[in-house]
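So the protein sequences, as listed, match chains Z and G. Quick note on numbering: the first sequence equals residues 3 to 394 in our numbering. Quick note on numbering: the second sequence equals residues 3 to 394 in our numbering. In what follows, a structure is listed as structure tokens, so that the remarks can point back to it.
Number of protein chains: 2
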Amino acid sequence: MERLVCLFCQKKHPLNLFDPFCPRCGEPMLIAYSPRPRKILPDCPLSLEKFRHFLPLPAVDRSLSLGEGSTPLVPLFQLRKKYNLSSVLAKNETMNPTHSFKDRGTAVVIQRAVALGIKAVGTVSTGNMAASTAAYAAKAGLKSHILLKADTSPEKFMSTLVYGAKVLKMEGDYGQLFRQSFILGRKKGIYFANSVDPLRIEGYKTASYEIFLSLGRRVPQHIFVPVSSGGNLVGMIKGFMDLKEEGWIPEMPNFIGVQAEGCPPLARAFRQEKEKFERVAVARTIAHAISNPDPPAGNLVLKLIRETGGAILDVTDKEILHAQKELASLEGIFADPASATTLAALIKIQNQPQWTVSKLKRKLGGDIVLVITGSGLKTLSESKLTKYMARP
Amino acid sequence: MERLVCLFCQKKHPLNLFDPFCPRCGEPMLIAYSPRPRKILPDCPLSLEKFRHFLPLPAVDRSLSLGEGSTPLVPLFQLRKKYNLSSVLAKNETMNPTHSFKDRGTAVVIQRAVALGIKAVGTVSTGNMAASTAAYAAKAGLKSHILLKADTSPEKFMSTLVYGAKVLKMEGDYGQLFRQSFILGRKKGIYFANSVDPLRIEGYKTASYEIFLSLGRRVPQHIFVPVSSGGNLVGMIKGFMDLKEEGWIPEMPNFIGVQAEGCPPLARAFRQEKEKFERVAVARTIAHAISNPDPPAGNLVLKLIRETGGAILDVTDKEILHAQKELASLEGIFADPASATTLAALIKIQNQPQWTVSKLKRKLGGDIVLVITGSGLKTLSESKLTKYMARP
Chain Z
3 MERLVCLFCQ KKHPLNLFDP FCPRCGEPML IAYSPRPRKI LPDCPLSLEK FRHFLPLPAV
63 DRSLSLGEGS TPLVPLFQLR KKYNLSSVLA KNETMNPTHS FKDRGTAVVI QRAVALGIKA
123 VGTVSTGNMA ASTAAYAAKA GLKSHILLKA DTSPEKFMST LVYGAKVLKM EGDYGQLFRQ
183 SFILGRKKGI YFANSVDPLR IEGYKTASYE IFLSLGRRVP QHIFVPVSSG GNLVGMIKGF
243 MDLKEEGWIP EMPNFIGVQA EGCPPLARAF RQEKEKFERV AVARTIAHAI SNPDPPAGNL
303 VLKLIRETGG AILDVTDKEI LHAQKELASL EGIFADPASA TTLAALIKIQ NQPQWTVSKL
363 KRKLGGDIVL VITGSGLKTL SESKLTKYMA RP
Chain G
3 MERLVCLFCQ KKHPLNLFDP FCPRCGEPML IAYSPRPRKI LPDCPLSLEK FRHFLPLPAV
63 DRSLSLGEGS TPLVPLFQLR KKYNLSSVLA KNETMNPTHS FKDRGTAVVI QRAVALGIKA
123 VGTVSTGNMA ASTAAYAAKA GLKSHILLKA DTSPEKFMST LVYGAKVLKM EGDYGQLFRQ
183 SFILGRKKGI YFANSVDPLR IEGYKTASYE IFLSLGRRVP QHIFVPVSSG GNLVGMIKGF
243 MDLKEEGWIP EMPNFIGVQA EGCPPLARAF RQEKEKFERV AVARTIAHAI SNPDPPAGNL
303 VLKLIRETGG AILDVTDKEI LHAQKELASL EGIFADPASA TTLAALIKIQ NQPQWTVSKL
363 KRKLGGDIVL VITGSGLKTL SESKLTKYMA RP
């Protein structure tokens, strides 16, 4: 049976979904489980089935799937030309069932929750993760509980309510809600699969396997990923680590985590070469999906980025809006501001080659992947699009 | 080279994308082109490539694709149980690049437009088709022109503007804009690929091929499709006709076209057993995506439905909202009101078996497919969700 491991102290603990943090370090723990031999099963219809040897799922229950994953890796020819890049591709995660990457993680969470006889799941989110959790819980016939801040606007959680989720408004900031959710979960028997849940992170690995397959079983040179809690970046790095363990790729890709300048706890720590980040006092950015002043997997992200030769940087709201427009008007992909940070960061690095040399292990080149985590449709009012859309 | 055919007078005409209507009957014409032998190429990564033997595409240019198609066919186990159905599945078209089925059609349109050296495309739409056309035109580096009514609200076309489309506001109702667009198109050299464009309709066939493959090369008994202009229904019927011609399926599925009671030109004509529909004077329904009082392919839909033993019916806004909630809260699929008509119609028929016997060639049974054409995310404010979401 798999266990949880803390990558800071290397201690292993039994899998406890209601408290997945290291009792010694306080850091989020990851699944430690590598049965052999592992194979990709490309002919299975479901993404979870294709990669089940790499997932902590003894069996896959098809009735719980919404058809997540198997999103396209789209070559961006116009951006390549305009910015004089070697090769750039978008992993379009908005083509998931609830239009964000969160579905990959939720799918694994729900498989395991049902197998364990858990009757209620929950999450702390006002956006993509709330809708995803509510949708998969509905499909599985589980109750779902969404914790959000008391001042959240009704529009924000409308797309969660439709799935029949129970919304609990609470006082406090994101960090407080995050901690309270586990206390509530243990008391009420609700499995709170939050952003850095170890099963959720396992689901995010599947995007990495798909990128590998889409490139003809090759590894890209660089992967740009928006960073909020850090769960997705940790999952995607773990996915490529699996491929390297199997001997299928010679080396890890360079991961570039991207934050907004208005909420840059990890970019700041990376710049200052610190091992631990410091909480941001005031977060202010249009990229709400990554506006997380106290990312639970932040230190883990810093550690993994250091160990794999990647980087973390931040971009301004102006750069984000510019990149959002470039992605839509040159490549037909309408990303939310959080996802547009990936292109903003790529443009920034391309314009500052000296930065690359000093911070990144490798020069920009080869296949560059931008992970488009969420859809612009969910943030129409936040993007101030009209300002940028004026045409003669 | 393929030609256009009018199914009413059987006359063939050269392919003219700027005027695809029969000069004698005034009805929309379809592509007549069946090279042999035709094979499905399941190992190709792109949907257009998989089915290119069935499409009017001499070659597929990968640089123009956004990864459309290959959407999942999701079994709906909870609905099946609750409504005592044999087997019911959702073809989730919201998992396309711009979150609607329109992308299948636009993908074919743009392939051909680029091959023909056309520099500008356009469409008449305030919703899904506008966003889809604008996105694919952007990807291909073409100009796009969206015609819409002068009183359309800015929110409605925000997701079109982001792609850099040129929006032309015009006086008149949908029918007038539709006719004017072709005049404008011929004058300015803009290819208006509207709802019943023959290439667009070819693209819609691919959903049928995918349903056939997902069911293990079998034909479902019933397919429920929302009907607005009629383009999607005509395309999907044509797709199964191809499969029947190849001898791969023994008979056609029963297609059930669904309209809203507030705008039911085809349901009314079908009920009255008329060959031609009459324009609806006042359209009033929350299902805006199918609120089309004068559907251009209406008579063609009536003809094809008659010939294949299907039916057309209408459902009330109340039934639509109920179905929308059932789909989300039992199956985790957030459909727009237009798509929710499919489940509303299924529930209606299941509750009125005498209707089925009198109008449908077959009793409900076997595999029943609901085509979920668009995402509820695009119609959050229209769905009056809050009214239905109250929980104790």
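Think of the CB as a built atom: it goes at the ideal place given N, C-alpha and C, for glycine as much as any other residue.
- Chain G has a Cβ within less than 9 angstroms of the Cβ of Z/Ile-335.
- In the DSSP assignment, the residues bridged to Z/Met-172 are Z/Lys-151.
- Take the alpha-carbon of G/Ala-167 and the one of Z/Cys-11: they are about 54 angstroms apart.
- Annotation: Cβ neighbours of G/Asn-94 in chain Z (cutoff 8 angstroms, chain order): Leu-68, Gly-69 and Pro-99.
- For the stretch 158-182 of chain G, residues whose beta-carbon sits nearer than 7 angstroms to a beta-carbon of chain Z comprise Met-160, Ser-161, Leu-163, Val-164, Tyr-165, Gly-166 and Lys-168.
- Interface residue (Cβ-Cβ distance to chain Z less than 9 angstroms): G/Ala-330 is classified as such.
- Looking at the backbone, the Cα of Z/Pro-37 and that of Z/His-55 are separated by about 8 angstroms.
- Among the residues facing chain G, Z/Ala-132 is not included, as its CB has no counterpart in that chain under 9 angstroms away.
- When CB distances to chain Z are screened at a threshold of 9 angstroms, the residues of the stretch 34-67 of chain G falling below it are Pro-47, Leu-48, Arg-64, Ser-65 and Ser-67, in chain order.
- Its chain contains Phe-214 and Arg-219 as the residues whose beta carbon lies nearer than 8 angstroms to that of Z/Trp-250, once the 5 sequence neighbours on both sides are disregarded; these appear in chain order.
- Z/Leu-382 belongs to the set of residues whose beta carbon lies under 9 angstroms from a beta carbon in chain G.
- Not one beta carbon of chain G lies nearer than 9 angstroms to the beta carbon of Z/Ser-127.
- Pairwise C-beta distances place the stretch 175-193 of chain G out of contact with the stretch 155-167 of chain G, as fewer than three of them are shorter than 8 angstroms.
- Here G/Leu-68 is near G/Ala-137, since their CB atoms are less than 9 angstroms apart.
- Between G/Val-303 and G/Leu-348 the beta-carbon gap is near 19 angstroms, outside 8 angstroms, which marks them as no contact.
- Pairing Z/Thr-125 with Z/Ser-102 gives a Cβ-Cβ distance that is not under 9 angstroms.
- Around the beta carbon of G/Gly-237, 16 or more other beta carbons sit within 10 angstroms, so the residue counts as buried.
- Identification of residues in the stretch 76-93 of chain Z having a C-beta nearer than 8 angstroms to some C-beta of chain G yields Val-76, Pro-77, Phe-79 and Gln-80, given in sequence order.
- Straight-line measurement puts the Cα of G/Asp-199 at about 8 angstroms from the Cα of G/Leu-19.
- Any Cβ of chain G closer than 9 angstroms to the Cβ of Z/Pro-74 would place that residue at the interface, and such an atom is present.
- Annotation for Z/Ala-340: the continuous alpha helix (DSSP H) segment containing it runs 339-353.
- Cβ-Cβ separation between G/Ile-314 and G/Gly-259: approximately 4 angstroms, consistent with a contact (criterion under 8 angstroms).
- Apart from the 5 residues on each side of it in sequence, Z/Glu-51 sits with its Cβ closer than 6 angstroms to the Cβ of Val-62 in its chain, given in chain order.
- Distance from the CA of G/Pro-99 to the CA of Z/Lys-305, rounded to the nearest whole angstrom, comes to 35 angstroms.
- Around Z/Gly-378, the beta-carbon contacts reaching into chain G at under 8 angstroms are Ser-161 and Val-164.
- In terms of Cβ geometry, Z/Ile-288 and Z/Leu-323 form a close pair [threshold 9 angstroms].
- Think of a sphere of 8 angstroms around the beta carbon of G/Ala-140: the chain Z residues whose beta carbon falls inside it are Ala-330, Ser-331, Leu-332, Glu-333 and Gly-334, in chain order.
- Taking a C-beta distance under 9 angstroms as the contact criterion, G/Gln-354 and G/Leu-87 do not qualify as a contact pair.
- At a cut-off of 9 angstroms, the C-beta of Z/Lys-327 has a neighbouring C-beta in chain G.
- According to DSSP, residue pairing for G/Asp-296 in a beta bridge does not occur.
- The Cβ of Z/Gly-143 sits closer than 9 angstroms to at least one Cβ of chain G.
- Separation of the CB atoms of Z/Ala-337 and Z/Ile-374 is rounded to 5 angstroms, and the pair is thereby assigned contact status at 8 angstroms.
- A Cβ-Cβ contact shorter than 9 angstroms links G/Asp-244 with G/Tyr-211.
- Within the same chain, Val-7, Cys-24 and Arg-26 come within 8 angstroms of G/Lys-13 by CB-CB distance, once the 5 residues on both sides are set aside.
- Per the coordinates, the alpha-carbon of G/Phe-180 lies some 13 angstroms from the alpha-carbon of G/Pro-22.
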